[in-house]
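Engineer: If you scroll down you'll find the structure; I have some questions about it.
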Amino acid sequence: MAQTRLTLAAAVVTHDRLDKLKVTLNRLLAEPVDHVIVIDNASGDGTWDWLTGLDDPRLILRRSATNLG
Numbered sequence: 001m002a003q004t005r006l007t008l009a010a011a012v013v014t015h016d017r018l019d020k021l022k023v024t025l026n027r028l029l030a031e032p033v034d035h036v037i038v039i040d041n042a043s044g045d046g047t048w049d050w051l052t053g054l055d056d057p058r059l060i061l062r063r064s065a066t067n068l069g
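For what it's worth, full-length UniProt numbering labels the leading residue of the sequence shown as 1, then goes sequentially.
Structure below.
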């Protein structure tokens, strides 16, 4: 019988919590996840600049122009 490989993804929504996001992503990326989706909810603390400087093919980054709550 053929085995099916499951895909594991994690999603993180953030707004002006760069320090906490760094810890969270370091922990998530240390695990065998296939994708980590990060939604930046219009942060003004440098979150987007930091995220776009990361080099990990598992990251999927999205940014909202306004804080959607």
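Cβ coordinates follow ideal geometry from the N, Cα and C atoms, glycine included. Here the structure is a predicted model, which is why all the values come from computation and not from measurement.
Using CA atoms only, rank isn't needed, just tell me which of Lys22, Asp19, Ala9 and Leu21 is closest to Arg58.
Structural biologist: Nearest option by C-alpha distance: Ala9.
Engineer: Name the residue from Thr47, Ile60, Gln3 and Ala2 whose alpha carbon lies nearest to the alpha carbon of Val33.
Structural biologist: For Val33, the closest of Thr47, Ile60, Gln3 and Ala2 by C-alpha to C-alpha distance is Ile60.
Engineer: Return yes when the C-beta of Ala11 is under 7 Å from any heavy atom of the ligand FMN, and no when it is not.
Structural biologist: Questions concerning the ligand FMN fall outside what the structure shown contains, since it holds no ligand whatsoever.
Engineer: Under the three-state reduction of DSSP, which class applies to Thr14: helix, strand or coil?
Structural biologist: strand
Engineer: Below 8 Å on the Cβ atoms is my contact criterion, and I expect Ile39 with Val23 to pass it. Report the Cβ-Cβ distance as a whole number of Å.
Structural biologist: Their Cβ separation, rounded to whole angstroms, is 17 Å, which puts Ile39 and Val23 out of contact at 8 Å.
Engineer: My output table needs one value for Asp40: the three-state DSSP class, helix, strand or coil.
Structural biologist: strand
Engineer: Who are the Cβ neighbours of Val36 in its own chain at under 6 Å, not counting the five residues just before and after it?
Structural biologist: Ala10, Leu28, Arg58 and Leu59
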